[in-house]
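Here's the structure, in structure tokens; my notes come after.
Given below as structure tokens:
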């Protein structure tokens, strides 16, 4: 992968010695490829990942509002609809790696 295709580390994460990368995701060969760090939240794992995914969706909505003028609420509604549809009827099988 070329360095110009990688995203930088956010300043807050770079400054915090306790920061932890939880997810890397790429689009390659026509699909999503991920590495995940599982096991960080012990018995609250599913709840914590729900918060991470929700926060990511809000960041996407904020970015699209700032960069393209698309309403934050409209974007979140579209993300939620797409998420629910993909959970119920996946367009691809999942496979991959995780780090403990």
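Residue numbers (our numbering): 136 to 235. Think of the CB as a built atom: it goes at the ideal place given N, C-alpha and C, for glycine as much as any other residue. Just so it is clear, the structure is predicted and the values come from calculations on it, not from any experiment.
Exercise. Of the choices 189, 168, 140, 158, whose alpha-carbon is the least far from that of residue 174?
Worked result: 158
Exercise. Which of the three DSSP states, helix, strand or coil, is assigned to residue 146?
Worked result: helix
Exercise. What is the residue span of the alpha helix (DSSP H) that residue 185 lies within?
Worked result: 180-203
For this session: Would you kindly work out how many angstroms separate the C-alpha atoms of residue 228 and residue 188, rounded to a whole number?
Result: 19 Å
Problem set entry | Inter-stretch contact at 8 Å, needing at least 3 Cβ pairs: the region 163-180 / the region 192-203 | no
Exercise. With distances taken from CA atoms, which of 153, 169, 197, 216 is nearest residue 160?
Worked result: 169
For this session: Under 8 Å Cβ to Cβ from residue 167, same chain only, skipping five residues before and after it: list those, please.
Result: 160, 161, 227
For this session: Could you check if residue 196 is buried or exposed, using at least 16 other CB atoms within 10 Å of its CB as the buried criterion?
Result: buried
Exercise. Out of curiosity, what's the CA-to-CA distance linking residue 154 and residue 172?
Worked result: 13 Å
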